[in-house]
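All remarks here apply to the structure that follows.
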Amino acid sequence: MKALIYAILLLFTFQFTQAQVQYETIDSQKLNDIRQIKVQLPRGYDEDTNKNYPLIVVFDGDYMFEIVAGNVDYYSYWEDMPEAIVVGVNQSKTRSEDTNYSEQSSMPIDTGADFFEFVGMELLPYIEKTYRTENFNVAIGHGETANFINSFLFKASPLFQAYISISPDLATNMKTYLPERLKSFENKLFYYLATSTNDVKFIKEKTEALNLNLTALDNKNVLYNFDVFEGPSHYALPAHAVPKALESIFLVYQPISKKEYRETILKLEGSPVTYLLEKYQTIEDLFGIKKPILVNDFKAIAAAINKSEQYNYYEELGKLARKQYPETMLGNYYMARFYEETNDPKKAMKTYQSAYMLEEIAGLSKDLMLEKSDAIKADFGY
Numbered sequence: 147m148k149a150l151i152y153a154i155l156l157l158f159t160f161q162f163t164q165a166q167v168q169y170e171t172i173d174s175q176k177l178n179d180i181r182q183i184k185v186q187l188p189r190g191y192d193e194d195t196n197k198n199y200p201l202i203v204v205f206d207g208d209y210m211f212e213i214v215a216g217n218v219d220y221y222s223y224w225e226d227m228p229e230a231i232v233v234g235v236n237q238s239k240t241r242s243e244d245t246n247y248s249e250q251s252s253m254p255i256d257t258g259a260d261f262f263e264f265v266g267m268e269l270l271p272y273i274e275k276t277y278r279t280e281n282f283n284v285a286i287g288h289g290e291t292a293n294f295i296n297s298f299l300f301k302a303s304p305l306f307q308a309y310i311s312i313s314p315d316l317a318t319n320m321k322t323y324l325p326e327r328l329k330s331f332e333n334k335l336f337y338y339l340a341t342s343t344n345d346v347k348f349i350k351e352k353t354e355a356l357n358l359n360l361t362a363l364d365n366k367n368v369l370y371n372f373d374v375f376e377g378p379s380h381y382a383l384p385a386h387a388v389p390k391a392l393e394s395i396f397l398v399y400q401p402i403s404k405k406e407y408r409e410t411i412l413k414l415e416g417s418p419v420t421y422l423l424e425k426y427q428t429i430e431d432l433f434g435i436k437k438p439i440l441v442n443d444f445k446a447i448a449a450a451i452n453k454s455e456q457y458n459y460y461e462e463l464g465k466l467a468r469k470q471y472p473e474t475m476l477g478n479y480y481m482a483r484f485y486e487e488t489n490d491p492k493k494a495m496k497t498y499q500s501a502y503m504l505e506e507i508a509g510l511s512k513d514l515m516l517e518k519s520d521a522i523k524a525d526f527g528y
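Residue numbering for the sequence shown follows the numbering used here, starting at 147 and increasing by one per position.
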């Protein structure tokens, strides 16, 4: 009986700690029809009413939504990407009509043009009015809808800032029109493209041709990634491509990795603290999110300072840590390290002592502060 009660309580708790998924309908004048959508809100969406979130719109939402929503929830839980609102558009009965395009222009036409207007003039405004969104939108499509999402790039002000195109069934001239459009693109844009060795032959051939053209682009504003997966079929490919796509788009958002530490930070000629500030400023510029600097990222920069023996950077790091975590001993610890390594032991001792009054954090304890202070006192006879 106790085991049964525990299982019920665990299930109850689990339901209320997961991301929230709800089903809605939009009465569309553009489509003259009712369109079903699925909406996943981040965990804790209702707790912080001042927080806004990037928006991820999933076309072919009838089968693609769960793949994307699950990955978004997982990656955001581990802080490898920001929490995001995921919206899936059900197209199980209307896919061909929704993605109808002109053979001449490769742009949406007739029912495809209606759906294009539905997305821009009804769906996105509804989501932005109903939910708290940031100004960073991601479009995800597969097959026909992967071709369709390219159409938004030809607007003067594209509605999406990131595009995940999985095994696109490309329109006749899209492989030349799209690179031509992106060649002079003036805003930051993420574009991810994927196929597989077992993809539909003509789709794979067109996708690889598009990749050649996109790879030849010389535009730093376009952040492009391409993957060819070994093995999956056209229909299995999204399960492989979605996590890789999210990783590539939100790479800068992720905590400092061993690779980033080893290949970038340790090779810096300038200040690693400046690198840290620029990393987080880039996150704010790209995604509209003011992310607090992670404690582990502070530790990575401190490790680089220690390894390179450029101890003067501890002062800059200490001031930043005091600003970010004022109630903790993190900033005082780095400041004390600065004084200790730049031949001012008396200030180092006093700074360690003052850290004792602050909150412990990241393995820094009151005992450690006293040990550091007492060691200096013993060495210099203060």
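Note that beta-carbon positions come from the ideal geometry of N, C-alpha and C, so glycine has one too.
Return yes when the Cβ of residue 282 is within less than 8 Å of the Cβ of residue 307, no when it is not.
-> Yes.
Given that a residue counts as buried once 16 or more other Cβ atoms are within 10 Å of its Cβ, and exposed if not, what is residue 438?
exposed
Exercise. For the beta strand (DSSP E) that contains residue 288, what are its first and last residues?
Worked result: 279–288
Original post:
Where DSSP assigns a beta bridge to residue 364, which residues make up the other side?
Top reply: Paired residue(s): none; residue 364 is not in a bridge.
Top-ranked residue by Cα proximity to residue 430, from 475, 280, 236, 415:
280
| task | Consult DSSP for residue 173 and reduce its assignment to one of helix, strand or coil. | result | strand
Backbone CA spacing between residue 519 and residue 506 [nearest angstrom] = 16 Å
Checklist entry - Going straight from the alpha carbon of residue 327 to that of residue 403, what length do you get? => result Going by the C-alpha atoms only, they are around 34 Å apart.
Note to self: By alpha-carbon positions, which one of 208, 209, 215 ends up nearest to residue 201?
What the structure shows: With distances taken between Cα atoms, residue 201 lies closest to 215.
Would residue 334 pass as a contact of residue 299 if the rule is Cβ separation under 8 Å? no
Problem - Residue nearest to residue 251 in terms of C-alpha spacing, selected from 261, 319, 231 - result: 319
Could you check whether the stretch 246–263 touches the stretch 185–198, counting it as contact only if at least three pairs of C-beta atoms, one from each stretch, sit closer than 8 Å? no
| task | Please state whether DSSP places residue 153 in a helix, a strand or coil. | result | Bear in mind that a pLDDT of 38 at residue 153, under 50, signals an unreliable position, so the number given afterwards is only what the model happens to contain. Residue 153 carries a helical assignment under DSSP once its states are collapsed to helix, strand and coil.
Every unbroken alpha helix (DSSP H) within the stretch 183–251, with a cutoff of 4 residues, ordered by chain
Correct list: 207–223, 241–244.
*asked:* Tell me which residues share the same chain as residue 217 and place their Cβ nearer than 7 Å to its Cβ, disregarding the 5 neighbours each side in the sequence.
replied: 388, 389, 392
### Message
Contact between the stretch 458–469 and the stretch 334–345 is defined here as three or more beta-carbon pairs at a separation below 8 Å; is this criterion met?
### Response
no
Original post:
Does at least one heavy atom of the ligand NAP sit under 7 Å from the Cβ of residue 482?
Top reply: Ligands are entirely absent from the displayed structure, and the ligand NAP is therefore not among its contents.
task: Report all residues from its chain with a CB closer than 6 Å to the CB of residue 225; omit the five preceding and five following residues, and keep chain order.
output: none
key: Host beta strand (DSSP E) of residue 344 (start-end)   = Start and end: 335–344.
**Asked** Considering only C-alpha positions, which residue in the set 253, 233, 312, 243 is nearest to residue 277?
**Response** Checked all of 253, 233, 312, 243; the closest Cα to residue 277 is 233.
For this session: With a threshold of 16 other CB atoms inside 10 Å of the CB of residue 221, please say whether the residue is buried or exposed.
Result: buried
Residues near residue 481 by beta carbon distance below 6 Å, same chain, minus five either side: 464, 497
Taking the beta carbon of residue 483 as the centre, do at least 16 other beta carbons fall within 10 Å, making it buried, or is it exposed? It counts as buried.
- Message: I'd like to know whether the C-beta atoms of residue 383 and residue 345 end up nearer to each other than 8 Å.
- Response: yes
- Mark residue 175 as exposed unless 16 or more other C-beta atoms lie within 10 angstroms of its C-beta, in which case mark it buried. exposed
Best match in 427, 476, 297 for proximity to residue 323 [C-alpha to C-alpha]:
297
Quick check: the Cα distance between residue 350 and residue 340, rounded to an integer number of angstroms? 9 Å
**Q.** Cross-strand partners of residue 180 (DSSP beta bridge)
**A.** 173
Review point. When burial is assigned at 16 or more other CB atoms within 10 Å of the CB, is residue 178 buried or exposed?
Key: exposed
Residue 495, buried or exposed, once every other Cβ within 10 Å from all chains shown has been counted against 16
buried
Q. Taking Cβ to Cβ, would you say residue 417 is nearer than 8 Å to residue 378?
A. Taking 8 Å as the Cβ cut-off, residue 417 and residue 378 do not qualify as a contacting pair.
Could you pull the DSSP bridge partners for residue 399 from this structure? Per DSSP, none; premise fails for residue 399.
- prompt: residue 489: which of 238, 510, 522 sits nearest, CA to CA?
  reply: Of 238, 510, 522, the residue nearest in Cα terms is 522.
Nearest-angstrom Cα distance between residue 477 and residue 365? Using only the alpha carbons, I get a separation of about 40 Å.
Open item on the list: Can you list, in chain order, the residues of its chain with a C-beta nearer than 6 Å to that of residue 254? Leave out the 5 residues immediately preceding and following it.
Closed with: 247, 262, 297
Tell me which same chain residues have a C-beta within less than 7 Å of the C-beta of residue 373, skipping the five on either side of it? 340, 387, 390
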